[in-house]
Amino acid sequence: MCLLAIIAEESSYGYEMASKLQTRGLELVSEGSIYPLLSRLQKRGYVDSYFVESPGGPPRKYYRIKPTGTERLQDWSHEWHRVSDGVSEILKGRNHV
């Protein structure tokens, strides 16, 4: 979900996505760990990819969100907020114990 949200903000390549996720508090995310996820997102039709020439290096593979990805991201966001709100309510109750 977080990876798809990063791509929804703007088309990005792997290292760039990993850096953005780390900057936002997901320090355990590495560039190598996101490629299998990107492959799954692409196979499910949520993102597509294209290559951009990189000065002084090989072309970079960028990913962009597709309309089906935008819809799925909205669904996942609603599910996340529902679960997160429920967990917050449960944890609030612990403060009174």
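In terms of numbering that gives the first Met the number 0, the sequence shown is residues 0 to 96.
Cβ atoms here follow ideal geometry from the backbone N, Cα and C, with glycine treated the same way.
Quick caveat: nothing in here was measured; it's all calculated off a predicted structure.
Look at arginine 59 here: in three-state DSSP terms it is strand. In the structure shown, valine 51 adopts extended strand secondary structure according to DSSP, grouped into three states. Short of 6 Å from the beta carbon of arginine 59, and not among the five residues preceding or following it, lie these beta carbons of its own chain, in chain order: Tyr12, Val51, Ser53. Contact between leucine 72 and isoleucine 33 is ruled out by a C-beta separation of about 16 Å, above the 8 Å threshold.
Shown here, valine 86 sits in a helix according to DSSP, grouped into three states. Shown here for leucine 36: same chain residues with a beta carbon closer than 6 Å to its own, the five before and five after excluded, namely Leu2 in chain order. Here the alpha carbons of glutamate 88 and methionine 0 stand approximately 23 Å from one another.
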